[in-house]
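Counting in my numbering, the sequence shown tops out at residue 580, every number present.
Positions of the beta carbon are idealized from the N, C-alpha and C atoms, including for glycine.
Computed from a predicted structure; not experimentally measured.
Working notes for the structure below.
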Amino acid sequence: MRHHAPDLAEDRVRALGAIWDEVVKRIIWAMLARDDDDKPDLHVNVAAEMTNLLAHMSLFLTERVVDQRLGERRPQDIDPQAERAACFDAAGLADIKGTAVNAHVVWRRRLDERWVPKSRKALDRDASPPPPKPIAVKPVADKHFISKWFIRDHWAQGQTATRWRRGGDGWSRVTIPFGRWGYRQHLWSDRLEAYFALIEGKAKRPVQMLMRTIPLNPPQTQALVAYLVIHFLRNPRLIRALWRETAGDLEDPASVGLSMEDMVQHVFDEVFTDKEVYSTFASPLMSSRWAIVATAEPIFVLPDTFCAYGHVGEALRVIAPLTPYKCFVTLPDTEEVKRIVPVQVTLEPDQAKALSALLVGTAEVEFLSDPRFQPPHQAEPGFLDVLTAIATASEVCR
């Protein structure tokens, strides 16, 4: 309404807005009520799509209602009490019903042509799920702790990538083939590598949808969280820490015919296949409120640790760079019902620079960047300081 009357008093904006919001809600309720006697069985996986369309229809209807109710009038000339009476008298209710009938045509078409067929397939699949395919284990020397497709699609420039390495004189830059980064040899077993490949494959589409603000259904949300968890756990820094903590407690590897490397790999396999360990990391990420933060300049970097992380109380929180322009963030607060898309936050330049400095400081030895990037000169900020600033900015964007 502000673009119609920028100087309109706030109490008048709220009063008229409440009336016209109620008109839109009644249209939506009447539209949905038309299916009360013919409700098909729908699968939970289509809920996000339905919510997304409902949100778009609500926005469209809001614009139409405001434009039609204003007509040639100025908002400051409208009496809220008289406006409420006009919106909900016999003629107003007839307009609401007629608009709901027209909106229902769009809603029902999407229901019949997409959501019902999609639900039938999903419900049939749930009733008779296919047998799980055995994991195809192949010898793989190079174990990627950051997905090769993620580097190629989001951080490479054609066939190359811009890599920075920490040295005695600070950071130095070189251009390398993108396939030469993000892996180490013999970090874990070939079976675990095959398991990781399955998770990575399932997460590729959700990551793409996340960046395009397309709603995720529950399996896609779970695939995304699994992708974050394996990247958090399998970075070389954490593996070396696990090695140090467990090596002294293990029995002599030679007594069971194993090398120390094989023994620690076995322990790491056990950790990754432990459902309780996975849940410890996945649950707080799933329940947190999500955000996609963006910057106008390509100053975000991909550290060799994949993400920055910290804890709110005992709950894990992560900031995962997706591209030089975007990061995925799990905010401090939680939400019982997941938003169909994360809140979108555009950072101020100083906020973006602070986040960039945090990501650079998170790197153990190396990171990837846009070719135009230069490491910041500011000190690395604290994780919680950056997270709190993003959370504050996200409240404005809700």
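{"query": "Tell me the DSSP secondary structure of T487 in three-state form.", "result": "coil"}
{"query": "The beta strand (DSSP E) that contains H286, what's its start and end?", "result": "Where H286 is concerned, there is no enclosing beta strand (DSSP E), although the alpha helix (DSSP H) it sits in stretches over 272-292."}
{"query": "Could you give the DSSP three-state label for F378: helix, strand or coil?", "result": "helix"}
{"query": "Does the Cβ-Cβ distance between F482 and C509 come in under 7 Å?", "result": "yes"}
{"query": "So, is L583 buried or exposed, given that buried needs 16 or more other C-beta atoms within 10 angstroms?", "result": "Nothing can be reported for residue 583, as the shown portion of the chain is limited to 183 through 580."}
{"query": "Mark F242 as exposed unless 16 or more other C-beta atoms lie within 10 angstroms of its C-beta, in which case mark it buried.", "result": "exposed"}
{"query": "Could you check if I358 is buried or exposed, using at least 16 other CB atoms within 10 Å of its CB as the buried criterion?", "result": "exposed"}
{"query": "Just how far apart, CA to CA, sit S354 and R345?", "result": "8 Å"}
{"query": "Alpha carbon to alpha carbon, how far is F414 from I317?", "result": "22 Å"}
{"query": "Give the straight-line distance between the Cα atoms of L424 and Y409, rounded to the nearest whole angstrom.", "result": "20 Å"}
{"query": "What does a CB cutoff of less than 6 Å around P485 pick up in its chain, not counting 5 residues either side in sequence?", "result": "L541, T544, A545, F549"}
{"query": "CA-CA distance, Q404 and S469?", "result": "11 Å"}
{"query": "Please identify the residue among W337, A264, K330, R387 whose C-alpha is closest to the C-alpha of R554.", "result": "W337"}
{"query": "Are the CB atoms of C269 and V206 nearer to each other than 7 Å?", "result": "no"}
{"query": "Using a threshold of 7 Å, state whether the C-beta atoms of A309 and H225 are closer than that.", "result": "no"}
{"query": "Only counting the same chain, and skipping five residues up and downstream in sequence, which positions put a Cβ closer than 6 Å to that of N234?", "result": "P397, I522"}
{"query": "Considering only DSSP beta bridges, list what R355 is partnered with.", "result": "W346"}
{"query": "Would you check if the distance between the CB atom of P524 and the CB atom of A571 is smaller than 7 Å?", "result": "no"}
{"query": "According to DSSP, is W370 helix, strand or coil?", "result": "coil"}
{"query": "Quick one: what's K508 bridged to in DSSP?", "result": "A476"}
{"query": "To the nearest angstrom, how far is it from the Cα of R296 to the Cα of N227?", "result": "12 Å"}
{"query": "Quick one: using the 10 Å Cβ neighbour count with 16 as the cut-off for buried, is H326 buried or exposed?", "result": "buried"}
{"query": "Relative to the C-alpha of T512, which residue among R394, Q556, V411, K315 is closest?", "result": "V411"}
{"query": "Compute the Euclidean distance between the alpha carbons of V475 and A285, then round it to the nearest angstrom.", "result": "34 Å"}
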